[in-house]
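Peer 1:
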Amino acid sequence: MTLDKYSVEDLLQKRRGLRRKLAETEGLQPVRIAVLGGTTTNEVVDLLELLLLAGGFRPEFYQSEYGRFYEDAVHDPADLIAFAPNIVYIHTCHLNVLSLPAPGCSEEELKERVEAEHGRYVQIWKSIEQHTQAQIIQNNFELPPHALLGNLDAVSSGGVYRFFLALNAEFARSAASDSRLMIQDVHGLSAQMGLRHWFDWDRYFSYKILTTIEGSFAMASSLASMVRAIYGKSCKVLVLDLDNTLWGGVIGDDGVDKIQLGRETPVAESYTAFQEYCVGLWRRGVLLAVCSKNNEEIARQGFEHPDSVLKLTHFSCFKANWEPKHENILAIAKELNLGADSFVFVDDNPAERAIVEAQVGGIAVPDVGSEVSRFAAIIEAGRYFEPVSMTAEDLSRAALYESNTARASMEAKFANYGEYLDSLEMTAEIERFKPLYIERIAQLTNKTNQFNLTTRRYSLAEMEAVLDDSRYIGLYGKLSDRFGDNGLISVVLGRREDDDLHLDLWLMSCRVLKRGVEVAMLDVLVQQARDAGIAALLGYYLPTNKNAMVADHYEKLGFERVTTGSTAEASTWKLDVSNYTPRSAHIKIMEPVYG
Amino acid sequence: MDNILEELQEIFRDVLDQPDLVLTRSSNASNVDDWDSLAHINLVTSIEKRYKIRFALGELQDLKDVGDMIDLIKAKLAAQ
Chain F
1 MTLDKYSVED LLQKRRGLRR KLAETEGLQP VRIAVLGGTT TNEVVDLLEL LLLAGGFRPE
61 FYQSEYGRFY EDAVHDPADL IAFAPNIVYI HTCHLNVLSL PAPGCSEEEL KERVEAEHGR
121 YVQIWKSIEQ HTQAQIIQNN FELPPHALLG NLDAVSSGGV YRFFLALNAE FARSAASDSR
181 LMIQDVHGLS AQMGLRHWFD WDRYFSYKIL TTIEGSFAMA SSLASMVRAI YGKSCKVLVL
241 DLDNTLWGGV IGDDGVDKIQ LGRETPVAES YTAFQEYCVG LWRRGVLLAV CSKNNEEIAR
301 QGFEHPDSVL KLTHFSCFKA NWEPKHENIL AIAKELNLGA DSFVFVDDNP AERAIVEAQV
361 GGIAVPDVGS EVSRFAAIIE AGRYFEPVSM TAEDLSRAAL YESNTARASM EAKFANYGEY
421 LDSLEMTAEI ERFKPLYIER IAQLTNKTNQ FNLTTRRYSL AEMEAVLDDS RYIGLYGKLS
481 DRFGDNGLIS VVLGRREDDD LHLDLWLMSC RVLKRGVEVA MLDVLVQQAR DAGIAALLGY
541 YLPTNKNAMV ADHYEKLGFE RVTTGSTAEA STWKLDVSNY TPRSAHIKIM EPVYG
Chain R
1001 MDNILEELQE IFRDVLDQPD LVLTRSSNAS NVDDWDSLAH INLVTSIEKR YKIRFALGEL
1061 QDLKDVGDMI DLIKAKLAAQ
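Sequences listed follow chains F and R, in order.
When we follow my numbering, the leftmost residue of the first sequence carries the number 1, and every step to the right adds one.
When we follow my numbering, the leftmost residue of the second sequence carries the number 1001, and every step to the right adds one.
#1: So, helix, strand or coil for F/TRP322, using DSSP?
#2: Whose C-beta lies closer than 8 Å to the C-beta of F/LEU418 among residues of the same chain, with five residues either side of it excluded?
#3: Could you pull out every residue in the same chain whose Cβ sits closer than 6 Å to the Cβ of F/PHE345, ignoring the five residues on either side in sequence?
#4: Could you give the distance in angstroms between the alpha-carbon of F/ILE379 and the alpha-carbon of F/GLY104?
#5: Using a Cβ-Cβ distance cut-off of 8 Å, determine whether R/VAL1032 contacts chain F.
#6: Does F/GLU42 come within less than 8 Å of chain R when only Cβ atoms are used?
#7: Quick check on DSSP: helix, strand or coil for F/LYS556?
#8: Would F/CYS317 and F/LEU336 qualify as a contact pair, given that the criterion is a beta-carbon distance under 8 Å?
#9: Taking the runs of the alpha helix (DSSP H) that are 4 residues or longer, which of them lie wholly in the region 83 to 123 of chain F?
#10: Going by DSSP, what residue range makes up the beta strand (DSSP E) through F/TRP506?
#11: Following the continuous alpha helix (DSSP H) through R/GLN1009, name the residue where it begins and the one where it ends.
#12: Consult DSSP for F/ASN139 and reduce its assignment to one of helix, strand or coil.
#13: Can you give the Cα-Cα distance for F/ARG228 and F/ALA134, rounded to whole angstroms?
#14: Nearest-angstrom Cα distance between F/SER156 and F/GLU109?
#15: Fully enclosed by the region 276 to 319 of chain F, which alpha helix (DSSP H) runs are 4 residues long or longer?
#16: Could you pull the start and end residues of the beta strand (DSSP E) that F/ILE209 belongs to?
#17: Comparing the C-beta of R/SER1046 with each C-beta of chain F, is any distance below 8 Å?
#18: Out of F/THR567, F/LEU181, F/LEU557 and F/GLN527, state which residue places its alpha-carbon closest to the alpha-carbon of F/LEU544.
#19: Measure the alpha-carbon distance for R/MET1001 versus F/GLY382 and round it to whole angstroms.
#20: For F/ALA169 and F/LEU505, what's the separation of their Cα atoms in angstroms?
#21: So, is the C-beta of R/ASP1016 closer than 8 Å to a C-beta in chain F?
#22: What does R/LEU1057 touch in chain F if you count any residue whose Cβ is under 8 Å from its own?
#23: With DSSP as the reference, label F/ARG435 as helix, strand or coil.
#24: Below 7 Å on C-beta distance, what does F/LEU48 contact in chain R?
#25: Under 8 Å, Cβ to Cβ, is there at least one residue of chain R near F/ARG20?
#26: Once DSSP output is grouped into helix, strand and coil, what is the label at F/TYR594?
#27: Any C-beta of chain A sitting closer than 8 Å to the C-beta of R/LYS1076?
#28: Got a sec: which bits of the region 206 to 237 of chain F sit with their beta carbon under 9 Å from any beta carbon on chain R, in order along the chain?
#29: Please confirm if R/LEU1038 has its CB atom under 8 Å from at least one CB of chain F.
#30: Verify whether the separation of the beta carbon atoms of F/PHE385 and F/CYS235 is less than 8 Å.
#31: In this structure, what does DSSP give as the bridge partners for F/LYS514?
#32: Between F/LEU12 and F/ALA54, is the Cβ-Cβ spacing less than 8 Å?
#33: Ordered along the chain, which non-local residues of its own chain (more than five positions away) have a Cβ less than 6 Å from that of R/ASN1028?
#34: Going by CA-CA distance only, name the one from F/ASP178, F/TYR89 and F/PHE83 that's closest to F/VAL45.
#35: For R/LEU1057 versus F/PHE199, is the C-beta distance shorter than 8 Å?
#36: Sort F/PHE217, F/ARG456 and F/VAL512 by Cα distance to F/ARG15 and report the nearest one.
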């Protein structure tokens, strides 16, 4: 069920009924969110609850008493600890600042005041980090409604605007060095809306709700996108139509020299601007794909247009044919090894949008209308591609998928698959978890759905806890081949009980499917288990609607089935490590480097 | 304007998620289930949006029941 067709006032008016209907959905991911507020937080929480329910989560909330965000976190955290939150959201506003600079305040005094206020929040964050395993979301500050010093307010050391800009910069610095702290950019959200539309002073004086309902909704949507990102549910692929979406006109009718692109006319400029937006997304790691009803050869010519900012190399997948679009989208999902629920589809044609939305489960189809000049803003408002942090991995992902295409074309030329695998000259680094990689390990664990035996999710904090716990044997795998570095692509986590090692996690990125990585991982795992005096490995398969591909994973690796039942059911598998001989044939496993 | 009671009933039914709620001029927070302070905020916001009016600070404090609210809405609409 999508909430897109409801206005903010409808959402609030029909909230209880919508909540009841949405809560009937099965398979929702539970998430426990504590909200520590400096003003009344109920409206933001109500809207966030609806957005999360519609986005596949079953949230439970804890809300601090009004205004007690500091006390609840620092002095009296018992209730917060007992709630065991996955996420703590500290929702504060400019009114919660204890002491603001006055006109005449010196530079040193301004600095002290900023540090004092920042220090109060550092106390809050540290206390939460110490007492809970939660990810923290802290908003930064909107500017106050009045700049009493006029333009000088942003310049003078006695200016309140200057104080908040400095405080926000301190918050950003804290978050940059603390992966458990994320900043919600309320300063940006309120600026986008305009402070006149952000604050609602009548409601503040009456109920201590500071914002308009639109302001509350903007905060709730941005929070929902952060929660999706924390759980690895942000979208990954932007699927684009061509005619009247990436250029003006119909290339099959008009020809490549007549399509509208470039700087010559307002219409041409608007298409170029949208192409630039798409390239921007690509640069930060969003994959692009084409899905267009067109002759493929002619469609490709569009990107040879001298003013086309987008080039063929930007696309990880290119489907231009006369098949129904939803079928092409499913084919794209298969080729990229990604779920279509991580896709956003953009097409100027409402009929195509409707059929894709109806036929492809979970895909996001924003109603972009038909004015290309509005497309980017509408896609942005959907907050589909929210990242938690930018890893080098994200930045090079687009390039990785490109070299995957090159691998696929090579595959056809070999006599047998083994020969092909050998030609890839693969080397793997398979070692125990390291602090350096723990963020990526948690990220991979939370976003992998298909090659994932148990689909257990771990917050970054939980994964960090595993690092220091001697009961656990956690292995990560990185794979390189002649086309490049695939990065960290596999995680196995075993938990020791007596002489058995229970495999709580075994997962792998689908971009290295069918390379034999799982065999290499097992070789190292058995070695490590033996060294630790473990007699047997116990593997578990917990079926979901996405991980059928690994139903026979342990069988293929030579484990004995312990439980009975059909292949599709949950099962337990056992491997005696004493008579195991290493089997990895096509991947060279690098010797660990110590010191 | 005589439909205001009916329109308010629809808003109350939505906000309180009580599809069979029957609203009368004498309905008030003590004889309508779940009409608590948080629901009240939603009711006021929905009414303001529905009639494109804004209640002034303090205007709502003196209202005893739905009848008073209807009269206030009528007065505000007439003044526009």
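All residues carry an ideal CB built from backbone N, CA and C; glycine is no exception.
In this text, all values refer to a predicted model and were calculated from it rather than measured experimentally.
Peer 2: Judging by the given coordinates:
#1: Correct three-state label for F/TRP322: coil.
#2: Checking the displayed sequence, the identity of residue 418 of chain F turns out to be Gly instead of Leu. Taking F/GLY418 as the centre and dropping the five residues before and after it, the same chain places the C-beta of ALA585 and HIS586 closer than 8 Å to its C-beta, in chain order.
#3: Hits under 6 Å: VAL239, VAL356, ILE363 and VAL365.
#4: Here the alpha carbons of F/GLY104 and F/ILE379 stand approximately 45 Å from one another.
#5: Interface flag for R/VAL1032 against chain F is unset, since no Cβ pair is found closer than 8 Å.
#6: It should be noted that the sequence gives Asn, not Glu, for residue 42 of chain F. Yes, F/ASN42 lies at the interface with chain R (some Cβ there is under 8 Å from its Cβ).
#7: Residue state, collapsed to three classes: helix.
#8: At the C-beta level, F/CYS317 and F/LEU336 come within 8 Å of one another.
#9: Runs of the alpha helix (DSSP H) inside the region 83 to 123 of chain F: none found.
#10: Note, F/TRP506: beta strand (DSSP E), 500 to 508.
#11: For R/GLN1009, the uninterrupted alpha helix (DSSP H) run begins and ends at 1004 to 1016, by DSSP.
#12: Assignment of F/ASN139 by DSSP, reduced to helix, strand and coil, places it in the strand class.
#13: Cα-Cα distance, rounded: 15 Å.
#14: Taking the straight line joining both Cα atoms gives about 12 Å.
#15: For the region 276 to 319 of chain F, whole alpha helix (DSSP H) runs of length 4 or above, ordered along the chain, are 296 to 301.
#16: Taken as a continuous stretch (DSSP letters only), F/ILE209 belongs to no beta strand (DSSP E), as it is neither H nor E.
#17: Closer than 8 Å: yes.
#18: The question names Leu, but residue 544 of chain F is Thr in the sequence shown. Of F/THR567, F/LEU181, F/LEU557 and F/GLN527, the residue nearest in Cα terms is F/THR567.
#19: Because the pLDDT of R/MET1001 is 47, which lies under 50, any placement of that residue in the model is unreliable, and the number read from its coordinates should be weighed accordingly. So the two alpha carbons sit approximately 39 Å from each other.
#20: Roughly 39 Å separates the two Cα atoms.
#21: The sequence shown places Leu at residue 1016 of chain R, rather than the Asp named in the question. Cβ-Cβ to chain F under 8 Å: yes for R/LEU1016.
#22: Those within 8 Å of R/LEU1057 in chain F are ASP202, PHE205 and SER206.
#23: It is Pro, not Arg, that sits at residue 435 of chain F in the sequence shown. F/PRO435: helix per DSSP, three-state reduction.
#24: Under the 7 Å cutoff, chain R gives no residues; its nearest Cβ is about 15 Å from F/LEU48.
#25: F/ARG20 counts as touching chain R.
#26: With a pLDDT of 48 at F/TYR594, under the threshold of 50, the modelled position of this residue cannot be trusted, and the question is left open.
#27: Protein chains in the displayed structure are F and R, and chain A is not among them.
#28: Residues passing the 9 Å Cβ filter: SER206, TYR207, ILE209 and ILE213.
#29: It does: the Cβ of R/LEU1038 has a partner Cβ on chain F nearer than 8 Å.
#30: For F/PHE385 and F/CYS235, yes; Cβs fall inside 8 Å.
#31: For F/LYS514, no pairing in a beta bridge is given by DSSP.
#32: At least 8 Å separates the beta-carbon of F/LEU12 from that of F/ALA54.
#33: Non-local beta-carbon contacts of R/ASN1028 in its own chain, meaning distances under 6 Å to residues more than five positions away in sequence, involve ASP1065 in chain order.
#34: Per the Cα distances, F/TYR89.
#35: The answer is no: Cβ separation not under 8 Å.
#36: It is F/PHE217.
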